[in-house]
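To start, the structure under review is shown below, and the notes come after it.
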Amino acid sequence: MRGALLRRSAGGEEGFRWRGTEISRVENLSDAVFGFAITLLVVSSRVPETFRELTELLRLFVPFGACVLVFGMIWQAHYKFYRRYGLQDGPTMLINATLLFVMLFYLYPLKFLVTLLFNLVTGRHDLIAVTTGDGDTLLAIYSAGYAAVFLLLAAFYGHAWRRREVLELTAMERLITKQTLGLMLVHVVTALLVLNVGLLWKTTGMAGALYFLIGPLSYVVGSHYGRQMEALKAVPTGGQDHSVRA
């Protein structure tokens with residue numbers, strides 16, 4: 241899958257020259273772990289023996305799909321980092337190994353929470369196996385994993401920023417790097433906010449609504465760097481130094 245995507249996008253993206261042109265062993269290992277994590281989302285479900293068990297299993301299609309979407313978002317961010325920078329040094333491998341470890345831990349809180357919310361929305365209160373007092377604790381566990389995952393993705397881009405001279409990033413590429421780093425930190429800050437509000441104020445899980453802040457905060461960060469990118473594009477080509485330090 242990664243190889244096919246790379247072949248279709250061999251030219252990189254607008255404003256960014258992809259330096260990772262070959263699939264490394266680290267990426268192959270990471271893809272295997274991502275696939276294993278998605279498999280674990282369903283492997284715990286035993287083969288249905290009655291029609292009722294089959295319909296209950298089919299009900300879980302929606303929460304399973306939501307979990308896959310979250311993992312797809314993480315995979316896409318991981319993929320883009322390696323394509324953009326092609327880094328294979330020690331710090332990158334350490335961050336990658338830690339990310340894979342945390343992601344496997346994050347798997348079960350994610351699946352449990354998504355399934356719980358789905359049962360709540362569909363009125364299957366008989367399947368809800370937590371009390372209202374457990375809501376904030378569950379949310380804190382989920383938020384800790386969520387924050388850790390995006391903090392490690394941010395660490396990828398922080399490392400790339402420190403290596404910007406070696407990578408010879410252009411002014412536009414530096415802006416894109418800073419923008420992506422900022423967007424990752426939006427997820428981290430929001431998750432930590434949810435975690436602290438839930439534990440300190442005892443909201444019985446209602447603090448989870450704060451995750452909706454990710455949308456407007458991402459818009460603010462994206463617009464801030466978007467304006468700088470547009471201003472950079474407006475500079476005449478002849479007068480623009482693409483290696484300008486940003």
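Counting in the numbering used here, the sequence shown runs from 241 upward without gaps.
Note that the Cβ used here is the ideal one computed from N, Cα and C, for glycine as well.
The residues Ile335, in chain order, have a CB closer than 8 Å to that of alanine 395 in the same chain once the five nearest residues on each side in sequence are set aside. Counting the other CB atoms within 10 Å of its CB gives threonine 279 a total below 16, which places it among the exposed residues.
Glycine 275 has its alpha-carbon roughly 17 Å from the corresponding atom of valine 389. The shortest C-alpha to C-alpha distance from valine 354 to any of Phe321, Pro476, Tyr382 and Arg402 is the one to Tyr382. By the criterion of at least three beta-carbon pairs nearer than 8 Å, the segment 399–410 is not in contact with the segment 440–456. Taken in chain order, the complete alpha helix (DSSP H) segments of 4 or more residues contained in the segment 245–330 are 265–283, 291–299 and 301–325. With a beta-carbon spacing of about 18 Å, methionine 469 and methionine 424 fall beyond the 8 Å limit used to define contacts. Relative to the Cα of histidine 318, the nearest Cα in the group Val361, Asn436, Val308 and Leu339 belongs to Leu339. Taking C-beta atoms under 8 Å as the contact rule, leucine 457 and threonine 430 qualify, at a distance of about 7 Å. A direct Cα-Cα distance of roughly 23 Å separates glutamate 253 from glycine 455. With contacts defined by Cβ atoms closer than 8 Å, phenylalanine 311 and valine 282 do not form a contacting pair. Under the rule that a run must span 3 or more residues, no beta strand (DSSP E) segment is found entirely inside the segment 355–435. Taking the CA atoms as reference points, tryptophan 258 sits about 34 Å from tyrosine 348.
Taking the CA atoms as reference points, leucine 294 sits about 11 Å from phenylalanine 301. Scanning Leu439, Thr444 and Leu393 for the CA closest to the CA of glutamine 316 turns up Leu393.
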